[in-house]
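Novice: Shown below is the structure under consideration.
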Amino acid sequence: MIEVRGLTKRYGPTTAVDGLTFEVAPGTVTGFLGPNGSGKSTTMRMIIGLDRPDAGQARIGGRGYRELGWPLRRVGSLLDARSFQPGRSGRAHLAALAASNRLPARRVDEVLDIVGLTQAAGRRAGKYSLGMAQRLGIATALLGDPEVLILDEPVNGLDPEGIRWLRSLLRSLAAEGRTVFISSHLIAEMALTATDLIVIGQGRLLAQTTVAELSAQSTSLEEAFLALTSGVTDYESHAREHGHHYLGSAS
Ligand code: ADP
Numbered sequence: 000m001i002e003v004r005g006l007t008k009r010y011g012p013t014t015a016v017d018g019l020t021f022e023v024a025p026g027t028v029t030g031f032l033g034p035n036g037s038g039k040s041t042t043m044r045m046i047i048g049l050d051r052p053d054a055g056q057a058r059i060g061g062r063g064y065r066e067l068g069w070p071l072r073r074v075g076s077l078l079d080a081r082s083f084q085p086g087r088s089g090r091a092h093l094a095a096l097a098a099s100n101r102l103p104a105r106r107v108d109e110v111l112d113i114v115g116l117t118q119a120a121g122r123r124a125g126k127y128s129l130g131m132a133q134r135l136g137i138a139t140a141l142l143g144d145p146e147v148l149i150l151d152e153p154v155n156g157l158d159p160e161g162i163r164w165l166r167s168l169l170r171s172l173a174a175e176g177r178t179v180f181i182s183s184h185l186i187a188e189m190a191l192t193a194t195d196l197i198v199i200g201q202g203r204l205l206a207q208t209t210v211a212e213l214s215a216q217s218t219s220l221e222e223a224f225l226a227l228t229s230g231v232t233d234y235e236s237h238a239r240e241h242g243h244h245y246l247g248s249a250s
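If you want it as structure tokens, here you go:
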């Protein structure tokens, strides 16, 4: 459903995304995993047309995001939880988006209910906690009842109950046949939510695998992930260049 081919993005001397190729299938939760700064957000921004690639392309159902008619009905995304006008209520934010995308007004109350914000819907979104802002962002992504969901670090700011809730929500959306693509830098959290994995480091593909396959590669899932990503974290390359050993006995 999501196809990325040779995707590349440079910011000055930094190659944030470097010839990335992978596919995300419908019907499962796919985790997009990599250390901080490995290019996950930049990749997601290019998939939904917020950033222009220097090379390669990203397609959703065979088309570029900008070629999709009524994209909110096809693809729901959460990239920055605080991307709403702070003075507006949560309900007003969703109502404005529903109106401009010709979605039925009743959908606003449906998504508020799904994310558990019905009580807080009348309050100014700028006063929401990070967890509540995250829930509003998820409501926004769900507004158009899309078949594809792209969520950048959706667990950020959620409390343990919220994390558990999001996990079951994402799994049930995938079970309905939707494509669910979520990023995280935390393998342990990801393993509880995703079944398929795309692992990147320094903008390059390290593995397209599954949680089961990856955990079979080492004594634990965490060990396997660290082995895969060792040498591609920014602080390690920094340490090498400057001759430090931040990690103690770096082997
Ligand atoms: P991740 O989401 O995996 O943490 P990002 O995609 O945010 O990684 O960043 C990848 C790299 O690109 C980092 O080195 C980051 O500093 C750089 N980068 C991202 N966005 C910009 C930007 N707008 N301008 C300059 N550099 C950027």
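In terms of numbering that gives the first Met the number 0, the sequence shown opens at residue 0 and continues consecutively.
Every residue gets a Cβ at the ideal spot worked out from N, C-alpha and C, and that includes glycine.
#1: Going by the C-beta, is Pro-153 closer than 8 Å to any heavy atom of the ligand ADP?
#2: For the alpha helix (DSSP H) containing Asp-112, list its first residue and its last residue.
#3: Who are the near neighbours of Gly-247 in its chain, counting only those whose CB is closer than 7 Å to its CB and skipping five residues on each side?
#4: Check whether the Cβ atoms of Gly-121 and Arg-134 sit closer than 9 Å, and answer yes or no.
#5: Give me the Cα-Cα distance between Asp-17 and Gly-5, rounded to the nearest whole angstrom.
#6: Quick check: Ile-1 and Val-28, are their CB atoms within less than 9 Å of each other?
#7: Does the beta-carbon of Val-16, which I'm using as the reference point, lie nearer than 8 Å to any heavy atom of the ligand ADP?
#8: Say the cut is 8 Å; is the CB of Thr-139 nearer than that to a heavy atom of the ligand ADP?
#9: Is the separation between the beta-carbon of Gly-125 and that of Glu-146 shorter than 9 Å?
#10: Following a CB-centred definition, is Thr-7 positioned closer than 8 Å to any heavy atom of the ligand ADP?
Specialist: Reading off the structure:
#1: For the purposes of this step, residue 153 is taken as the residue at position 154 of the sequence shown. Every heavy atom of the ligand ADP is 8 Å or more from the Cβ of Pro-153, so no.
#2: Here residue 112 refers to the residue found at position 113 of the sequence shown. Asp-112: member of the alpha helix (DSSP H) spanning 105 to 114, first to last residue.
#3: Translated into the one-based positions of the sequence shown, residue 247 becomes position 248. At Gly-247 the pLDDT is 40, less than 50, meaning the model places this residue with poor confidence and gives no usable figure here.
#4: Translated into positions along the sequence shown, residue 121 becomes position 122. Translated into positions along the sequence shown, residue 134 becomes position 135. Contact flag unset, no.
#5: Numbered from 1 along the sequence shown, position 18 holds the residue referred to as residue 17. Numbered from 1 along the sequence shown, position 6 holds the residue referred to as residue 5. Cα-Cα distance, rounded: 8 Å.
#6: Indexing the sequence shown from 1 puts residue 1 at position 2. Indexing the sequence shown from 1 puts residue 28 at position 29. No.
#7: Within the sequence shown, numbered from 1, the residue matching residue 16 stands at position 17. At least one heavy atom of the ligand ADP is nearer than 8 Å to the Cβ of Val-16, so yes.
#8: Residue mapping note: residue 139 aligns to position 140 of the sequence shown, counting from 1. Outside the cutoff, so no.
#9: Start at 1 with the first residue of the sequence shown, and residue 125 comes out as number 126. Start at 1 with the first residue of the sequence shown, and residue 146 comes out as number 147. Contact flag unset, no.
#10: Sequence index remark: in the sequence shown, residue 7 carries index 8 (1-based). For the ligand ADP, not one heavy atom lies less than 8 Å from the Cβ of Thr-7.
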